[in-house]
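J.: Note that our numbering has the sequence shown beginning at 3, numbered continuously upward. Each residue gets a CB set at the ideal place from its N, CA and C atoms; glycine is no exception. Note that this is a predicted model, so its numbers are computed, not measured. After the structure tokens below, expect a handful of questions from me.
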Amino acid sequence: MDKTLQDNKERFVELLKSTQREGVESVIKDLESLGFFEAPASSTQHLNYDGGLVEHSLNVYDMAVMLKEQIIARRPDLEKLLPTESIIIASLLHDVCKADIYRKVMRRRKDAIGTYEEYQAYEVDYSNLPIGHGEKSVIMILRSGMYLEDDEVIAIRWHMSAWDLPFQSFELSKSLNVARDKSPLCSLIHTADTLAANLLERKLEILRS
Ligand SMILES: [Fe+2]
Ligand SMILES: [Fe+2]
Numbered sequence: 003m004d005k006t007l008q009d010n011k012e013r014f015v016e017l018l019k020s021t022q023r024e025g026v027e028s029v030i031k032d033l034e035s036l037g038f039f040e041a042p043a044s045s046t047q048h049l050n051y052d053g054g055l056v057e058h059s060l061n062v063y064d065m066a067v068m069l070k071e072q073i074i075a076r077r078p079d080l081e082k083l084l085p086t087e088s089i090i091i092a093s094l095l096h097d098v099c100k101a102d103i104y105r106k107v108m109r110r111r112k113d114a115i116g117t118y119e120e121y122q123a124y125e126v127d128y129s130n131l132p133i134g135h136g137e138k139s140v141i142m143i144l145r146s147g148m149y150l151e152d153d154e155v156i157a158i159r160w161h162m163s164a165w166d167l168p169f170q171s172f173e174l175s176k177s178l179n180v181a182r183d184k185s186p187l188c189s190l191i192h193t194a195d196t197l198a199a200n201l202l203e204r205k206l207e208i209l210r211s
């Protein structure tokens, strides 16, 4: 295993175990057998290489910790609603739904002089438990036998926020509004996920030189 990948995996496991949440060992075991630690974060966008998913999860955690510090400096009353344990769990496990969706495939493309070359890519396959994104993460964690607090369920389920409302379902829209009001962790994890993916991980097209 690549050194960075191994270091990221160790940090991920250590952080998760530090929560001492019942069932954490079985979550780690299940993630291991699903290939979570080798999976990419996406097929063509951010961190689309082996180990990208664990790297992304740690980036979301680091971003959430940074944002929390700034937020509680202005709103000290929110500190007790954003416990470290919940930030670790929601950040590190928000995308476990992606652990089993990527398959490595070989594709062909033309190189600079027009000759075909083979390259390795990822194909996405949603056939294992096709129930949606955040919902699948929550169910996978619970099925592994780990308890989640209500606001952790909300933060993981709604980490895509309104991006998970493609058909404008009335009930889902209302649920998201209530989720945001009830759980500051929900907004924190969504924002940390967005900033990690869009500013730390994606290749940006810089408009200013
Ligand atoms: Fe996600
Ligand atoms: Fe994510």
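Are there three or more Cβ pairs, one per stretch, closer than 8 Å when the segment 14-26 is compared with the segment 51-68?
T.: Proximity of the segment 14-26 to the segment 51-68 meets the contact definition, three or more beta-carbon pairs being nearer than 8 Å.
J.: Taking the alpha-carbon positions, what's the Ile208 to Asp32 distance?
T.: 40 Å
J.: At least one CB of chain C closer than 8 Å to the CB of Pro168: is that the case?
T.: In the structure shown, chain C cannot be found, because there is only a single protein chain.
J.: Give me, in chain order, the residues of the same chain whose beta-carbon lies closer than 6 Å to that of Gly147; leave out the 5 immediate sequence neighbours on both sides.
T.: Gly25, Ser28
J.: Which residues count as close to ligand 2 when the rule is a CB under 5 Å from any of its heavy atoms, in chain order?
T.: Asp97, Asp195
J.: Just curious, the beta strand (DSSP E) that Arg105 is in, first and last residue?
T.: 104-112
J.: With distances taken between CB atoms, is the gap from Ile73 to Leu80 smaller than 8 Å?
T.: yes
J.: In the DSSP assignment, the alpha helix (DSSP H) including Ala123 goes from what residue to what residue?
T.: Element bounds for Ala123: not the alpha helix (DSSP H) but the beta strand (DSSP E), 118-126.
J.: Alpha carbon to alpha carbon, how far is Leu150 from Leu167? Give it in angstroms, no decimals.
T.: 23 Å
J.: Does DSSP put Ile74 in a helix, in a strand, or in coil?
T.: helix
J.: Give a yes or no on whether the C-beta atoms belonging to Val67 and Ile91 are separated by under 8 Å.
T.: It is not a contact, given that the beta carbons lie outside the stated cut-off.
J.: When the Cβ atoms of the segment 37-54 are set against those of the segment 182-194, are three or more pairs found closer than 8 Å?
T.: no
J.: Ordered along the chain, which non-local residues of its own chain (more than five positions away) have a Cβ less than 7 Å from that of Ala194?
T.: Val62, Met65, Ala66, Leu69, Ser93
J.: Check this for me: beta carbons of Arg109 and Tyr128, under 8 Å apart or not?
T.: no
J.: Within the same chain, show all residues whose beta-carbon is closer than 7 Å to that of Asn10, passing over the 5 residues directly before and after it, in chain order.
T.: Gly53, Val56, Glu57, Leu60
J.: To the nearest angstrom, report how far apart Gln8 and Tyr104 are at their CA atoms.
T.: 20 Å
J.: Could you check the C-alpha separation between Ala199 and Tyr118 for me, to the nearest Å?
T.: 32 Å
J.: Indicate the three-state DSSP secondary structure (helix, strand or coil) for Met65 in the structure shown.
T.: helix
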